[in-house]
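Engineer:
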Amino acid sequence: MPNHLINENSPYLLQHANNPVDWYPWGEEALNKSKTENKPIFLSIGYAACHWCHVMEHESFEDAETAAFMNEHFINIKVDREERPDLDNIYMQATIAMTGSGGWPMSVFLTPDLKPFYAGTYFPPVQRYNMPSFLEVLSGLSNAWVNDRKEVEKTSGKVFQHLNTQIKSEDGEGLTRDHLDAIAKAIQESYDWGYGGWGDAPKFPQPMALEFLMHHSSAHKTDEYNKLIKHYLYAMARGGMYDVVGGGFSRYSTDNQWRVPHFEKMLYDNALLVRAYLHAWQFTRDPFYKRVVKETLEFIAKEMTHAQGGFYSSLDADSEGEEGKFYVWMLDEVREILKDEAAFFEAAYGITAKGNWEGKTVLQRSMDDTALAARFQINVETVPTKLAESHSKLYAARAGRIRPGTDDKILTAWNGLMLAAVAEAARVLADTDAPVDTYRDLAVRNAEFLLTKLRPKGQLRRAWRDEKTTNEVFLEDYAALILGLIELYQTDFNNKWFVAARELADEMIERFSDPEGGFFDTPIDGKNLLFRPKDVQDNATPSGNALACEALIKLAAFTDNGTYRDIAEQAFGLVTKFTIRYPLGFARWLTAAELAAGTLKQVAVVGEAEDPDFQRLLKSIQVEYRPSVVVAASSSLEKENVPALLHDRPMMDEKATAYVCEGFVCKQPTTEIETLIEQLNS
161 MPNHLINENS
171 PYLLQHANNP
181 VDWYPWGEEA
191 LNKSKTENKP
201 IFLSIGYAAC
211 HWCHVMEHES
221 FEDAETAAFM
231 NEHFINIKVD
241 REERPDLDNI
251 YMQATIAMTG
261 SGGWPMSVFL
271 TPDLKPFYAG
281 TYFPPVQRYN
291 MPSFLEVLSG
301 LSNAWVNDRK
311 EVEKTSGKVF
321 QHLNTQIKSE
331 DGEGLTRDHL
341 DAIAKAIQES
351 YDWGYGGWGD
361 APKFPQPMAL
371 EFLMHHSSAH
381 KTDEYNKLIK
391 HYLYAMARGG
401 MYDVVGGGFS
411 RYSTDNQWRV
421 PHFEKMLYDN
431 ALLVRAYLHA
441 WQFTRDPFYK
451 RVVKETLEFI
461 AKEMTHAQGG
471 FYSSLDADSE
481 GEEGKFYVWM
491 LDEVREILKD
501 EAAFFEAAYG
511 ITAKGNWEGK
521 TVLQRSMDDT
531 ALAARFQINV
541 ETVPTKLAES
551 HSKLYAARAG
561 RIRPGTDDKI
571 LTAWNGLMLA
581 AVAEAARVLA
591 DTDAPVDTYR
601 DLAVRNAEFL
611 LTKLRPKGQL
621 RRAWRDEKTT
631 NEVFLEDYAA
641 LILGLIELYQ
651 TDFNNKWFVA
661 ARELADEMIE
671 RFSDPEGGFF
681 DTPIDGKNLL
691 FRPKDVQDNA
701 TPSGNALACE
711 ALIKLAAFTD
721 NGTYRDIAEQ
731 AFGLVTKFTI
741 RYPLGFARWL
751 TAAELAAGTL
761 KQVAVVGEAE
771 DPDFQRLLKS
781 IQVEYRPSVV
791 VAASSSLEKE
801 NVPALLHDRP
811 MMDEKATAYV
821 CEGFVCKQPT
831 TEIETLIEQL
841 NS
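Just so we're aligned, residue 161 is where the sequence shown starts under this note's numbering, counting upward by one.
(1) What number of angstroms, rounded off, separates the C-alpha of L712 from the C-alpha of T545?
(2) Which residue marks the beginning of the beta strand (DSSP E) containing I837, and which one marks its end?
(3) Are G484 and F443 close, meaning C-beta to C-beta below 9 Å?
(4) Since M426 sits in a beta bridge, which residues does DSSP pair it with?
(5) What is the DSSP secondary structure of D240, counted as helix, strand or coil?
(6) If you pair each beta-carbon of the region 541–555 with each one of the region 602–614, do three or more pairs fall below 8 Å?
(7) Answer yes or no: do K779 and V820 have a C-beta to C-beta separation smaller than 9 Å?
(8) Is the beta carbon of H164 sitting closer than 9 Å to the one on P200?
(9) In terms of alpha-carbon separation, which member of A640, L806, Y649, S473 lies closest to R241?
(10) Using beta-carbon positions only, say whether R622 and F634 come within less than 9 Å of one another.
(11) Starting from R625 and walking both ways along the beta strand (DSSP E), at which residues does that stretch end?
(12) Measuring CB atoms only, is the region 560–578 touching the region 629–649, in the sense that at least three cross pairs come out at less than 8 Å?
(13) Does the region 661–677 come within contact of the region 219–233, defined as at least 3 CB pairs closer than 8 Å?
(14) Using a Cβ distance threshold of 8 Å, determine whether the region 729–748 contacts the region 667–686, with at least three qualifying pairs required.
(15) Which of the three DSSP states is assigned to I343 in this structure?
(16) Could you spell out the range, first to last residue, of the alpha helix (DSSP H) harbouring M464?
(17) Would you say V766 faces chain C, with C-beta separation under 9 Å as the test?
(18) Leaving out the 5 sequence neighbours to the left and right, which residues in its chain are closer than 7 Å to A590 when beta-carbon positions are compared?
(19) So, are the CB atoms of L836 and S788 less than 9 Å apart?
(20) On a Cα-Cα basis, can you pick out the residue from G406, A467, M426 that is closest to E123?
(21) Between the C-alpha atoms of P285 and V181, what's the straight-line distance to the nearest angstrom?
(22) How is T830 classed by DSSP in three states: helix, strand or coil?
(23) Closest to I389 by CA distance: which of G356, M401, A361 is it?
(24) What is the rounded straight-line gap between the Cα of A342 and the Cα of F691?
(25) Under 9 Å, do L744 and W358 count as touching if we go by C-beta distance?
(26) Out of K387, M426, K617, F653, which has the shortest C-alpha to C-alpha gap to L843?
(27) Please name the residue in Q366, T521, D685 whose C-alpha comes closest to that of P702.
(28) Considering Cα atoms alone, identify which of R605, P185, P162, E189 is closest to N178.
(29) Who does P421 pair with in a DSSP beta bridge?
(30) Below 8 Å on the Cβ atoms is my contact criterion, and I expect Y251 with P276 to pass it. Report the Cβ-Cβ distance as a whole number of Å.
(31) Below 9 Å between beta carbons: does that hold for K815 and G758?
(32) Going by the beta-carbon positions, is the gap between A436 and W418 smaller than 9 Å?
(33) Buried or exposed, going by whether 16 or more other CB atoms sit within 10 Å of the CB of R398?
(34) Q762 by DSSP, collapsed to three states: which one?
(35) May I ask which residues mark the beginning and end of the alpha helix (DSSP H) holding G300?
(36) Going straight from the alpha carbon of D500 to that of V494, what length do you get?
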């Protein structure tokens with residue numbers, strides 16, 4: 161018989177709906193049952209693409225003996241961390257506080273009043289890896305609950321007190337230019353010049369740190385960090401963590417060389433990395449970066465997009481019960497598929513009969529274009545084309561394999577991040593061989609989807625699947641969507657995106673603001689939480705607070721609403737001390753701080769939409785990397801709901817005209833591209 165998860169909408173929860181464990185979703189029924197029956201809660205948090213979540217399910221949650229013990233002694237609650245980042249955040253803090261580390265599956269034991277008293281991650285079914293078996297853990301905790309309740313309550317009280325201390329706001333000054341300069345240098349000094357990135361394996365991509373370094377370089381007109389940026393971007397996209405056959409990035413590398421990934425593909429990673437490669441292309445024009453952007457967005461369009469326009473959450477790491485099976489190759493397979501082209505491809509990727517991972521090959525470039533061209537005596541310009549042809553053949557062959565599972569729920573925050581990336585690519589890559597009309601259509605359809613399906617009756621929601629939404633919504637959902645809409649507005653200049661962004665910003669302030677500065681992660685009417693979380697640190701996704709500050713700084717520039725700017729500036733004081741000490745954990749804040757510390761240029765362009773001169777003025781702004789510029793544009797006749805930046809901006813001599821303002825001072829309006837570029841670069 162299915163358990164209480166059978167009526168849930170999350171693919172992860174539905175995966176557990178037929179476990180013998182009597183799982184409940186988080187909610188009134190389970191929480192009241194814990195109190196009524198005076199039983200502790202076993203809270204299991206994971207997500208659909210999590211390999212070790214699947215392992216623990218198979219080993220323990222599908223085991224009849226284990227399930228019977230769980231059902232007798234605990235109220236068992238299963239949570240999809242992607243639907244409920246608030247619960248994930250609260251109990252991850254507790255897990256780290258109690259064990260020194262965290263991860264998924266997260267296994268936390270709570271008192272009926274939701275206070276954690278024991279925590280861990282994966283537990284094996286028998287004693288293994290110097291860990292007790294899961295049944296031993298369950299038995300010990302059940303015994304403690306019955307026979308040593310005072311000690312359990314003492315422990316849970318201490319943990320609760322610690323968590324409450326953690327959420328207290330810091331009160332400090334904001335980040336200055338000197339701070340930002342010192343932080344950029346510190347990030348460079350800790351860089352791994354051997355393999356790229358920061359720290360040892362497992363190595364996670366750090367696109368937010370790269371974005372900060374690029375923004376900082378632009379603001380200070382320096383090329384000091386260009387070598388690092390190139391080294392890192394090339395290291396990640398040679399293959400391994402990057403899928404050279406089908407496009408898109410995996411979650412992280414299990415080794416220092418970026419060779420063997422954890423094969424799950426997450427929407428948020430690809431959104432953040434696409435923008436980093438796009439921005440790198442803008443200021444270098446290196447075709448390699450553009451190729452990565454195009455291939456990744458093609459992957460998103462083909463494999464991660466719902467028919468109605470929403471973007472899916474993830475692809476699983478496993479297929480046919482094996483991690484990575486869909487993505488790896490044997491030498492004989494490559495030779496059979498590529499035939500006469502196999503030798504060239506084998507040299508490019510160093511493919512051997514032994515393989516580079518468990519007897520198989522994870523594709524990663526071992527010879528660069530120049531060396532490959534010299535060895536095979538061909539023109540170096542033809543190398544990417546020859547490899548692309550081989551990739552296409554392998555992609556067609558791979559399509560016959562059993563695919564990893566898709567988590568097809570659609571999350572507002574992650575979609576907002578990808579919306580921003582796709583919308584920006586649509587304008588930045590105009591006049592290149594990129595399919596920008598496809599990008600623009602993808603972005604518009606996504607925005608329409610989010611503003612209708614995920615905003616029923618004007619109420620923003622966190623998640624959608626099969627025409628159902630969750631009831632919850634979080635700060636990051638608002639903030640990421642606002643930023644995505646701002647990028648789309650700056651691509652097609654349709655006022656409805658700007659209007660929606662401003663409405664959402666006002667709602668966000670009303671529902672999430674903390675009078676002491678910054679924002680809570682949950683709305684003022686949130687329910688059934690141990691406390692109201694306020695996480696200011698970036699994780700795999702940017703901090704909702706950092707995104708909110710960035711959004712409000714940009715909206716202030718469009719609207720002349722000083723309150724937006726005031727709220728953002730007050731929030732920076734929350735993180736200054738932490739950002740200086742742990743910059744990689746607060747990298748999105750650094751980008752927002754660059755916007756606040758510098759002089760943001762406000763550009764208004766007026767003209768007729770079909771006028772080539774109007775379009776040329778816009779393209780001259782958009783083609784270069786200008787992270788500290790906001791652009792509003794409209795026809796001379798359009799007046800309603802336009803940003804305040806466009807008010808009282810007539811065309812000069814009936815020609816398309818640009819107005820550039822900076823630091824409360826406006827420059828002479830111009831109809832000439834050369835003058836506009838000079839004003840932007842000054």
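Glycine included, each C-beta is placed from N, C-alpha and C at the ideal position. A quick note: this is a predicted structure, and the numbers were derived from the prediction, not measured.
Structural biologist: So, from the listed chains and residues:
(1) To locate residue 712, count along the sequence shown from 1; it is residue 552. To locate residue 545, count along the sequence shown from 1; it is residue 385. Using only the alpha carbons, I get a separation of about 43 Å.
(2) The count along the sequence shown starts at 1 and reaches residue 837 at position 677. Not the beta strand (DSSP E): I837 falls in the alpha helix (DSSP H), residues 833–841.
(3) Taking the sequence shown and counting its residues from 1, one reaches residue 484 at position 324. Taking the sequence shown and counting its residues from 1, one reaches residue 443 at position 283. Taking a C-beta distance under 9 Å as the contact criterion, G484 and F443 do not qualify as a contact pair.
(4) To locate residue 426, count along the sequence shown from 1; it is residue 266. Within the DSSP secondary-structure output, M426 pairs in a beta bridge with S474.
(5) Against the sequence shown, residue 240 aligns to sequence position 80. Correct three-state label for D240: strand.
(6) Flag = no, the region 541–555 and the region 602–614 do not touch.
(7) As a working note, residue 779 is residue 619 in the sequence shown. As a working note, residue 820 is residue 660 in the sequence shown. No.
(8) Stepping through the sequence shown from its first residue, residue 164 is reached at position 4. Stepping through the sequence shown from its first residue, residue 200 is reached at position 40. No, the pair does not count as a contact, with Cβ atoms beyond the cut-off.
(9) Residue mapping note: residue 241 aligns to position 81 of the sequence shown, counting from 1. Minimum Cα-Cα distance from R241 among the listed residues A640, L806, Y649, S473 corresponds to S473.
(10) Translated into the one-based positions of the sequence shown, residue 622 becomes position 462. Translated into the one-based positions of the sequence shown, residue 634 becomes position 474. Closer than 9 Å, so yes.
(11) Taking the first residue of the sequence shown as 1, we reach residue 625 at position 465. Run containing R625: 623–625, per the beta strand (DSSP E) assignment.
(12) Yes, they touch.
(13) Flag = no, the region 661–677 and the region 219–233 do not touch.
(14) At 8 Å Cβ cutoff, the stretches touch.
(15) Mapped onto the sequence shown, residue 343 falls at position 183. Correct three-state label for I343: helix.
(16) The residue labelled residue 464 in the question sits at position 304 within the sequence shown. In the DSSP assignment, M464 falls outside any alpha helix (DSSP H) and carries neither an H nor an E.
(17) Included in the structure is just one protein chain, with no chain C present.
(18) As a working note, residue 590 is residue 430 in the sequence shown. V596, K779, listed in sequence order.
(19) Against the sequence shown, residue 836 aligns to sequence position 676. Against the sequence shown, residue 788 aligns to sequence position 628. No, they are not a contact pair.
(20) Given a span of 161 to 842 for the chain in the structure shown, any question on residue 123 remains unanswerable.
(21) Against the sequence shown, residue 285 aligns to sequence position 125. Against the sequence shown, residue 181 aligns to sequence position 21. Rounded to whole angstroms, P285 to V181 spans 15 Å at the Cα level.
(22) As a first step, residue 830 is located in the sequence shown; it is residue number 670 there, counting from the start. Strand.
(23) Walking along the sequence shown from the start, residue 389 turns up at place 229. Of the listed residues, the one whose Cα sits closest to I389 is G356.
(24) The residue you call residue 342 lines up with position 182 of the sequence shown. The residue you call residue 691 lines up with position 531 of the sequence shown. Taking the CA atoms as reference points, A342 sits about 36 Å from F691.
(25) Here residue 744 is taken as the residue at index 584 of the sequence shown, counted from 1. Here residue 358 is taken as the residue at index 198 of the sequence shown, counted from 1. Judged by beta-carbon spacing, W358 lies within the 9 Å limit of L744, meaning their Cβ atoms are closer than that value.
(26) Shown here, the chain extends from 161 to 842; a query on residue 843 therefore has no answer.
(27) Within the sequence shown, numbered from 1, the residue matching residue 702 stands at position 542. When Q366, T521, D685 are compared, the shortest CA-CA separation from P702 is found for Q366.
(28) Counting from 1 along the sequence shown, the entry for residue 178 is found at position 18. For N178, the closest alpha carbon among the candidates R605, P185, P162, E189 is that of P162.
(29) If you number the sequence shown from 1, residue 421 lands on position 261. In DSSP, P421 forms a bridge with S413.
(30) Taking the first residue of the sequence shown as position 1, residue 251 is located at position 91. Taking the first residue of the sequence shown as position 1, residue 276 is located at position 116. Correct: roughly 6 Å between the Cβ atoms.
(31) As a first step, residue 815 is located in the sequence shown; it is residue number 655 there, counting from the start. As a first step, residue 758 is located in the sequence shown; it is residue number 598 there, counting from the start. In terms of Cβ geometry, K815 and G758 do not form a close pair [threshold 9 Å].
(32) Numbered from 1 along the sequence shown, position 276 holds the residue referred to as residue 436. Numbered from 1 along the sequence shown, position 258 holds the residue referred to as residue 418. No.
(33) The residue you call residue 398 lines up with position 238 of the sequence shown. So R398 counts as buried.
(34) Residue 762 sits at position 602 when you count from the first residue of the sequence shown. Q762 falls in the strand class under three-state DSSP.
(35) Against the sequence shown, residue 300 aligns to sequence position 140. Where G300 is concerned, the enclosing alpha helix (DSSP H) stretches over 294–307.
(36) Numbered from its first residue, the sequence shown carries residue 500 at position 340. Numbered from its first residue, the sequence shown carries residue 494 at position 334. One alpha carbon belongs to D500, the other to V494, and they sit about 11 Å apart.
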